[in-house]
Amino acid sequence: MDNNKNIRVICQCLYVLNLPKQRFFWDDHRTHKLYSGRAIGLHVLAQLLQLKSYEDITEQLQAHPELGQIFGMTSVSGPQLSRETKALCTDTLQDLFYHLIGQIQERTKDGNGFSPSIGRLHLIDATDIRLPDFLGSWARCGSRKTGVRLHVRLVVADPDTVFPDKVIASTVNVREAKVSLELTLEDDVTYVMDRGYEKSEHVEKWLTDGIQFVVRVRDLLQLHPVPGTERTIPSSESAQTRILQDVDVLTNKTTKPARLVAFADETGRQYRVLTSRWDLTADEIALIYKNRWRIELFFKWVKQHLKLVKLHGSHPDGVWNQLFLSLIAFAVSLLLKLNLQTPKTQWQVLKLVRTYMYKMWEELENAVFRPPTRKSRGRQKVNGFGPSCKLPQRIILL
Numbered sequence: 040m041d042n043n044k045n046i047r048v049i050c051q052c053l054y055v056l057n058l059p060k061q062r063f064f065w066d067d068h069r070t071h072k073l074y075s076g077r078a079i080g081l082h083v084l085a086q087l088l089q090l091k092s093y094e095d096i097t098e099q100l101q102a103h104p105e106l107g108q109i110f111g112m113t114s115v116s117g118p119q120l121s122r123e124t125k126a127l128c129t130d131t132l133q134d135l136f137y138h139l140i141g142q143i144q145e146r147t148k149d150g151n152g153f154s155p156s157i158g159r160l161h162l163i164d165a166t167d168i169r170l171p172d173f174l175g176s177w178a179r180c181g182s183r184k185t186g187v188r189l190h191v192r193l194v195v196a197d198p199d200t201v202f203p204d205k206v207i208a209s210t211v212n213v214r215e216a217k218v219s220l221e222l223t224l225e226d227d228v229t230y231v232m233d234r235g236y237e238k239s240e241h242v243e244k245w246l247t248d249g250i251q252f253v254v255r256v257r258d259l260l261q262l263h264p265v266p267g268t269e270r271t272i273p274s275s276e277s278a279q280t281r282i283l284q285d286v287d288v289l290t291n292k293t294t295k296p297a298r299l300v301a302f303a304d305e306t307g308r309q310y311r312v313l314t315s316r317w318d319l320t321a322d323e324i325a326l327i328y329k330n331r332w333r334i335e336l337f338f339k340w341v342k343q344h345l346k347l348v349k350l351h352g353s354h355p356d357g358v359w360n361q362l363f364l365s366l367i368a369f370a371v372s373l374l375l376k377l378n379l380q381t382p383k384t385q386w387q388v389l390k391l392v393r394t395y396m397y398k399m400w401e402e403l404e405n406a407v408f409r410p411p412t413r414k415s416r417g418r419q420k421v422n423g424f425g426p427s428c429k430l431p432q433r434i435i436l437l
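FYI, the numbering for the sequence shown is 40 to 437, going by the working numbering.
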């Protein structure tokens, strides 16, 4: 990313992509205006600005002449954008996404992961995106459900930085267990999965290949404790977790034992997880699984702040392309945050980027590192009265 402070914020965003005027030989040999590079840049810009339709993109070009200078065109129609979205090569978008992820990995390679003792976590889960019943009939599952599914492997580089490094897009009829082996290949990280990815054959393969994992199992799955492996349950270090059992077990379809850790959370809800991490305490295993919520927050972040929940079209090619364009926009926003080296969250940085999109980069930096105008101590009690003090109720008799 360019460190020049005298260029606009939008130029810094597009500099990451290095695509606005790029032309691909196979995709653009008959295109005269809206090259693939320009279309990708406009879509990523629309995601960063949270534009809701193709018409909003065309209005941006009309309202900001500097945007037309960057892209080398002054206008484009909504139907043109719709056609180009479907015509984009999905493999090209995938390559661009993984190229950006490679830059993020290079910047975060020195991170300690979740903690120095636990290391890096790879959280695996899937989210569904609904499509219209009629226009999305190509992605129908059953009689009522229509949509696509995004299988994601999320890297926890450090407690404040998470990003997807592997994505598999499918229709909603592809279950999680079918893609779990494709998402669990490295042996130097710990994979954290929910019940949808638990399968006895997969557990056996992970144990054989030395894959580190923590996966929740179904309540109905029969587990047989290995005699002599039950561990003493110490007093829990966390008041929010109560360890119930810690023992090696076998299933009806496995020959290699896995470690079972059963625990209850602060509400009394019980969980059973299988793991291959014998080097950690039971409390640490429980903590690893409880941090699986980070991938749920990632899905919520992308759907809310990049509007992934509602796609611009329902054509198969357009749907796959819009999914990867949203992920590319997420990678661009994270790279901006890493480049600024700010303790602000990614959402706080993205809000400022939207505000200063057509301003100079130096103005954005000043806004990011601007000290607070006042240091509030909150609402204080005066003479024993305050927000936490309730005044006595008065009863009026008529």
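Note that the Cβ used here is the ideal one computed from N, Cα and C, for glycine as well.
Note the first and the last residue of the continuous beta strand (DSSP E) segment covering residue i.
i, result
"F363", "Not the beta strand (DSSP E): F363 falls in the alpha helix (DSSP H), residues P355 to L379."
"Q440", "Here the chain has residues from 40 to 437 only, and residue 440 is not among them."
"D167", "L160 to R169"
"L106", "From DSSP, L106 is part of no beta strand (DSSP E) but of the alpha helix (DSSP H) over P104 to F110."
"R255", "Q251 to R255"
For residue i, collect the residues of the same chain with a Cβ closer than 8 Å to its Cβ; drop the 5 residues on either side in sequence, then sort them by chain order.
i, result
"Y310", "R255, A301, F302, A303, D304, A325 and Y328"
"K398", "R47 and V48"
"T129", "D356, W359, N360 and F363"
Quick one: what's got a C-beta closer than 7 Å to residue i's C-beta in the same chain, skipping five residues either side?
i, result
"I96", "L81, A85, L90 and L120"
"K184", "V211"
"E123", "L73 and A78"
"Q133", "F363"
"C180", "T210, V211 and N212"
Under a three-way DSSP split, which group does residue i fall into?
i, result
"Y230", "strand"
"V201", "strand"
"S315", "coil"
"V407", "helix"
"L224", "coil"
"V195", "strand"
"S154", "strand"
Under 8 Å between C-beta atoms, does residue i make it to chain B?
i, result
"L135", "Protein chain content of the structure displayed is limited to a single chain, and chain B is not contained in it."
At what residues does the alpha helix (DSSP H) containing residue i begin and finish?
i, result
"Y54", "V48 to L56"
"R146", "T129 to R146"
"Y236", "Where Y236 is concerned, there is no enclosing alpha helix (DSSP H), given that its DSSP letter is neither H nor E."
"L391", "Q385 to T394"
"L350", "No alpha helix (DSSP H) contains L350, which DSSP labels as neither H nor E."
"Y328", "A321 to K329"
In terms of DSSP beta bridges, what is residue i paired with?
i, result
"Q284", "A301"
"I207", "H190"
"S116", "DSSP output for S116 lists no bridge partner at all."
"R308", "R308 pairs with nothing; no bridge assigned."
"P382", "In DSSP, P382 forms no bridge with anything."
"T185", "R179"
"P264", "V288"
Short of 6 Å in beta carbon distance, which residues of its chain neighbour residue i, apart from the five on each side in sequence? Order them along the chain.
i, result
"V191", "P203 and V206"
"I250", "T223 and D226"
"G235", "E215"
"P264", "V286 and V288"
"R270", "D285"
"L389", "S372"
Do residue j and residue i count as a contact pair if the criterion is CB distance below 8 Å?
i, j, result
"W359", "A165", "no"
"A297", "L313", "yes"
"E94", "G117", "yes"
"F408", "T381", "yes"
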